Amino acid sequence: MSQRVTVAARVDKPVIDALEEIARHRRQSTGEDLRKADLIREALEEYVRTHLPDRKP
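Here numbering that gives the first Met the number 0 is used: position 39 in the sequence shown is 38, and no number is missing along the way.
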């Protein structure tokens with residue numbers, strides 16, 4: 000089981016609006032239950048993979 004922690008951050012409203020739109024488009028095209036938190040998690044994991052390729056998120 001993976002260990003998870005909560006990360007809180009203040010984000011500008013246009014960024015949140017864009018995340019909502021991206022999530023809505025992906026839900027419509029894939030049918031998956033996707034939330035903003037899922038997109039943020041994906042983005043953070045990709046950032047870590049890109050900047051620390053030897054470390055798995």
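Just so it is clear, CB atoms sit at the ideal spot from N, CA and C, and this is done for glycine as well. Since the structure is predicted, the reported quantities are computational estimates derived from the model, not experimental observations.
- Straight across, the Cα-Cα distance linking Arg23 with Pro13 is about 15 Å.
- Gly30 has its alpha-carbon roughly 31 Å from the corresponding atom of His50.
- Apart from sequence neighbours up to five positions away, the residues of its chain that approach Arg25 with a beta-carbon distance below 6 Å are Leu33, ordered along the chain.
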